[in-house]
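Accompanying notes for the structure given below.
2 protein chains.
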Amino acid sequence: MLVSNHARPTLEDVAARAGVSRATASRVLNASPRVSPEALEAVNAAVTALGYQPNRAARALVTRRTGAVAVLFSEPEPKIFDDPHFARLIRAGARALADVDVQMVLMLVHSPDDQARAHRFLAGGHVDGALVFAPHRNDELVSIVKKLPLPVVYAGKPWGSLRGMHLVDNDNEGGAVLATELLKSLGRKKIVHVSGPLDELSAIDRLNGFKSALSLDDKGVARLVEDGGFTREGGRKAMSSLLARVPGLDAVFVASDLMAAGALETLQEAGKRVPQDVAVVGFDDHVAIAEHTSPPLTSVRQDSDEQVAHMVEHLMRLLRDETVKRKQQMLPTVLVRRESA
Amino acid sequence: MLVSNHARPTLEDVAARAGVSRATASRVLNASPRVSPEALEAVNAAVTALGYQPNRAARALVTRRTGAVAVLFSEPEPKIFDDPHFARLIRAGARALADVDVQMVLMLVHSPDDQARAHRFLAGGHVDGALVFAPHRNDELVSIVKKLPLPVVYAGKPWGSLRGMHLVDNDNEGGAVLATELLKSLGRKKIVHVSGPLDELSAIDRLNGFKSALSLDDKGVARLVEDGGFTREGGRKAMSSLLARVPGLDAVFVASDLMAAGALETLQEAGKRVPQDVAVVGFDDHVAIAEHTSPPLTSVRQDSDEQVAHMVEHLMRLLRDETVKRKQQMLPTVLVRRESA
DNA sequence: CTCCTCGATGAAAACCTTTGAGTCGCTAAG
DNA sequence: CTTAGCGACTCAAAGGTTTTCATCGAGGAG
């Protein structure tokens, strides 16, 4: 019997060493119940002795499963690395997928070229499923993914019909209500809102929370709300136009921490003290931002790690053909008090 | 002839439709020269007609190539999403690898658990090669990777012997010299340095540039340099101890933009005007930071996109068994003037 | 004692591609 | 006229795993 000592051991080698057939060894590896205790032990011993690792390609070939999932972002790239929120999502995805031993294939899909590539890739059967982060209205990525016979879980609500779509969303509206109620309970009378871009449903939901907490009509909204585009610079600008438009404003709910950081800068430049003159509440509770503004930012926490973990679990369920209790999950948001309100 | 109309077409189907054998079809796909123009055209037509996509698993099985590479970060996770630098690296990796049609498998490797997992994964032959971002001294990840028979390209110099290692580094020392010379040319007399953690060679190289530009001895270094740990908070603290220790300091070269942002805050709090009282130069030229400090930050640019692109190209060369001219590449750094110096 | 049942196992097919060896029809060289 | 060489193909093996189906032996029922 010749043993090539450098090549990676195969299932055949394991089986030989354990004195069983390849089939039995395979059953052990896949935790099949129909295998005797002795065989099980022998195979396991052989596996560790040889340092055996299943060949992913061979397995994929026969199971028609790749053991990989795609993680897709449609956001334009500059935004992806300016906003720590995305880094966090990516990190959470990497961790959660590693935990279940699935490869994560990260794709940033923005230009039409990217879209074509993504389509080819996903249609090519190179992954078993996908996690999609595509918040914008008429996002091409969503249309692409929707057509494919591929299990997909969305982060937040994609634009358009939600029928049959699997998603994990944060309770944006609830969080916004929380934030606004807090400002009301502090006795603030003129409360304004810096919203996200209104082609994202998360921004709309936050706006709606604000609106309902204050029982605002559309005219009120038009006067008290300004779009900050989910960027720091946008937050700055939105805040200064609100300052100009709403004299005597004494509180602001900002739909993201990044924008809130910008808003704080504007307020400071305008000579407003926070929270004495103007109370500020952000959204995201992104620690790297919220703890380093001056003053530290009171914010609505949405746990992105949790969200992504749920998305992964949900997708794994789909891949195992298990039934999912609810296709669309909503995660609670909570208020984190710091000094800005 | 029965055509199952829902399953993905195989090479067999393509060959049949083109009226050639599987082998020939395969050669067309792999751009083999030994195929007639007619056959080539027929096969290509069949491919597009059927929308054929090679089965990655089957291909991997026979070629012993996976078409995937690992991208490994050893940095602790909080740092990864606080510092936009990492987001940028990840983004650049995603793009560069997508361009050459290779899957990117992202792994964040920090805890011993992670390390064990990474070892198993890499040793398991699930990827063809790896890009490694592990700057710290005695980084466990480097020892793990080094032992494996796997093509690897490092970002920057890993600690320890560089013999035979493939890497793409930035000219940290040169950039530091540039920065320091600028401050000298502005007539500054008491120039100090906020360094990165000295268990990273990039930090050491930057320190060395500073040192040599000022012909400093070790005592001078001990007096004029403070470690800021590559974090914003660290930059803040380092700056304040330097202010206390070096009365009359009129310039500071800070080894990263993130730290420089912190240092600027400290300077402002101390009532120093920038650049009139103290000139400041950062490092990284991270736009999201450098353009938003007040005043905007003069900084040394290292092009991370470029670096990662070079790493990918280098790795692809290794995978194709091509000779590489130089195992260790160094990318130039340039100074970007803004208002802080 | 015979007939079944049942659990554990092994043999072999199937998954899809690449690739070395062999085929075939020619032309050019000996 | 034979033979070597050549270009374009085709054949078939190989690659490692899962899974179906058949087999085998033991034990229980009749």
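Sequences listed follow chains P and W, in order. Note that UniProt numbering gives residue 276 to position 276 of the first sequence, counting from 1, and the numbers run on in steps of one. Note that UniProt numbering gives residue 77 to position 77 of the second sequence, counting from 1, and the numbers run on in steps of one. Here a beta-carbon is modelled for each residue, glycine too, at the ideal position from N, C-alpha and C. None of the values given here were measured: they were computed from a predicted structure.
Same chain, Cβ closer than 8 Å to residue i, neighbours up to 5 away in sequence not counted
{"i": "P:Gly19", "result": "Ala42"}
{"i": "P:Val246", "result": "Lys190, Val192, Arg223 and Leu224"}
{"i": "P:Arg232", "result": "Asp82, Leu258, Met259, Ala261 and Gly262"}
{"i": "W:Ala176", "result": "Asp205, Arg206, Leu207, Asn208, Gly209, Phe210, Ala213, Phe253, Ala255, Phe283 and Val300"}
Under 9 Å from the C-beta of residue i: neighbouring residues of chain W
{"i": "P:Met104", "result": "Met104, Val105, Leu106 and Met107"}
{"i": "P:Thr66", "result": "Arg56 and Ala57"}
{"i": "P:His310", "result": "Under the 9 Å cutoff, chain W gives no residues; its nearest Cβ is about 19 Å from P:His310."}
{"i": "P:Arg338", "result": "In chain order: nothing, as chain W lies at least about 16 Å away."}
Unbroken beta strand (DSSP E) run spanning residue i, endpoints
{"i": "W:Ser185", "result": "Unbroken run through W:Ser185 is the alpha helix (DSSP H), Asn172 to Ser185; no beta strand (DSSP E)."}
{"i": "W:Gly67", "result": "Segment: none, W:Gly67 is in no beta strand (DSSP E) and carries neither H nor E."}
{"i": "W:Ser195", "result": "Ile191 to Ser195"}
{"i": "W:Met107", "result": "Gln103 to Leu108"}
{"i": "W:Phe121", "result": "Here W:Phe121 belongs to no beta strand (DSSP E); instead the alpha helix (DSSP H) covers Pro112 to Ala123."}
{"i": "P:Ser299", "result": "Thr298 to Arg301"}
{"i": "P:Ala251", "result": "Ala251 to Val254"}
{"i": "P:Leu131", "result": "Gly129 to Phe133"}
{"i": "P:Ala279", "result": "Ala279 to Asp284"}
{"i": "P:Ala155", "result": "Val152 to Ala155"}
First and last residue of the uninterrupted alpha helix (DSSP H) at residue i
{"i": "W:Leu89", "result": "Pro84 to Asp99"}
{"i": "W:Gln268", "result": "Asp257 to Glu269"}
{"i": "W:Glu38", "result": "Pro37 to Leu50"}
{"i": "W:Leu61", "result": "Arg56 to Thr63"}
{"i": "residue 380 of chain W", "result": "Any question about residue 380 of chain W goes unanswered here, given that chain W covers just 1 to 341."}
{"i": "P:Gln221", "result": "Sequence check: residue 221 of chain P is Val here, not Gln. Unbroken alpha helix (DSSP H) run through P:Val221: Asp218 to Leu224."}
{"i": "P:Gln329", "result": "It is not in any alpha helix (DSSP H) - P:Gln329 instead sits in the beta strand (DSSP E) that spans Gln328 to Leu331."}
{"i": "residue 342 of chain P", "result": "There is simply no residue 342 of chain P to check, as chain P begins at 1 and stops at 341 in what is shown."}
{"i": "W:Val336", "result": "Taken as a continuous stretch (DSSP letters only), W:Val336 belongs to no alpha helix (DSSP H), being part of the beta strand (DSSP E) at Val334 to Val336."}
Rounded distance between the beta-carbons of residue j and residue i, thought under 8 Å
{"i": "P:Leu131", "j": "P:Met330", "result": "Not quite, the Cβ-Cβ distance comes to about 17 Å (not below 8 Å), so this is no contact."}
{"i": "P:Ala213", "j": "P:Gly228", "result": "About 19 Å separates the two Cβ atoms, so there is no contact after all."}
{"i": "P:Ser195", "j": "P:Arg206", "result": "7 Å"}
{"i": "P:Ala60", "j": "P:Val127", "result": "Incorrect: roughly 11 Å between the Cβ atoms, too far for contact."}
{"i": "P:Val109", "j": "P:Leu150", "result": "No, P:Val109 and P:Leu150 are not in contact; Cβ-Cβ is about 14 Å, not under 8 Å."}
{"i": "P:Lys327", "j": "P:His166", "result": "5 Å"}
{"i": "P:Gly220", "j": "P:Ser256", "result": "That belief does not hold up - the Cβ atoms of P:Gly220 and P:Ser256 are roughly 22 Å apart, past 8 Å."}
{"i": "P:His286", "j": "P:Val168", "result": "P:His286 to P:Val168, Cβ: 19 Å. No contact."}
{"i": "P:Ala96", "j": "P:Met107", "result": "With 8 Å as the limit, P:Ala96 and P:Met107 do not qualify as a contact, their Cβ atoms being about 17 Å apart."}
{"i": "P:Ile90", "j": "W:Ile90", "result": "6 Å"}
Neighbourhood of residue i by C-beta distance below 6 Å, restricted to the same chain and skipping five residues each side
{"i": "P:Leu2", "result": "Note that P:Leu2 scores 35 on pLDDT, short of 50, meaning its location in the model is unreliable; the coordinates nonetheless yield the value given after this. Excluding residues within five positions, none has a Cβ falling inside 6 Å."}
{"i": "P:Leu264", "result": "Thr293"}
{"i": "P:Phe121", "result": "none"}
{"i": "P:Val334", "result": "Arg301"}
{"i": "W:Ile191", "result": "Leu183 and Ala251"}
{"i": "W:Asp171", "result": "Met330, Pro332 and Thr333"}
{"i": "W:Phe133", "result": "Phe73 and Ala155"}
{"i": "P:Glu173", "result": "Asp205, Asn208 and Gly209"}
{"i": "P:Arg137", "result": "Trp159 and Asp199"}
Residue nearest to residue i in terms of C-alpha spacing, selected from the options
{"i": "W:Gly187", "options": "W:Ser143, W:Ala251, W:Leu216 and W:Phe210", "result": "W:Ala251"}
{"i": "P:Pro76", "options": "P:Thr48, P:Val69 and P:Asp114", "result": "P:Asp114"}
{"i": "P:Pro135", "options": "P:Val192, P:Leu201 and P:Lys189", "result": "P:Leu201"}
{"i": "W:Leu11", "options": "W:Asp321, W:Ser143, W:His314 and W:Val47", "result": "W:Val47"}
{"i": "W:Thr180", "options": "W:Met104, W:Gly164, W:Asn208 and W:Ala222", "result": "W:Asn208"}
{"i": "P:Ser299", "options": "P:Val254, P:Pro332 and P:Gln307", "result": "P:Val254"}
{"i": "W:Val124", "options": "P:Ile90, P:Leu297, P:Ser74 and P:Asn55", "result": "Residue 124 of chain W is actually Gly in this sequence, not Val. Ranking P:Ile90, P:Leu297, P:Ser74 and P:Asn55 by Cα distance to W:Gly124 puts P:Asn55 first."}
{"i": "P:Asp305", "options": "P:Val278, P:Val324, P:Phe86 and P:Thr24", "result": "P:Phe86"}
{"i": "P:Arg337", "options": "P:Lys147, P:Leu318, P:Ala261 and P:Leu178", "result": "P:Leu178"}
{"i": "P:Phe230", "options": "P:Lys211, P:Met259, P:Ala39 and P:Thr24", "result": "P:Met259"}
{"i": "W:Asp284", "options": "W:Ala96, W:Asp303 and W:Glu291", "result": "W:Asp303"}
{"i": "P:Pro112", "options": "P:Val102, P:Asp101, P:Ser143 and P:Ile90", "result": "P:Ser143"}
{"i": "W:Ala98", "options": "W:Met316, W:Asp321 and W:Glu269", "result": "W:Met316"}
Within chain P, partners of residue i - CB distance below 7 Å
{"i": "W:Phe86", "result": "Ala87"}
{"i": "W:Ile90", "result": "Ile90"}
{"i": "W:Glu38", "result": "Correct list: empty, because the minimum Cβ distance to chain P is about 27 Å."}
Beta-carbon proximity list for residue i, same chain, < 7 Å, skipping 5 on both sides
{"i": "P:Ser241", "result": "Glu226"}
{"i": "P:Gly93", "result": "Val71, Met104, Leu131 and Val308"}
{"i": "P:Lys189", "result": "Asp250"}
{"i": "W:Val274", "result": "Leu264, Leu267, Val280, Pro295 and Ser340"}
Chain P residues whose Cβ lies nearer than 8 Å to that of residue i
{"i": "W:Leu61", "result": "Asn55, Ala57, Ala58 and Leu61"}
{"i": "W:Ala94", "result": "Leu106, Met107 and Leu108"}
Listed by chain order, chain W residues near residue i by CB distance under 7 Å
{"i": "P:Glu77", "result": "Arg91"}
{"i": "P:Ala251", "result": "Chain W residues near P:Ala251: none, gap ~25 Å exceeds 7 Å."}
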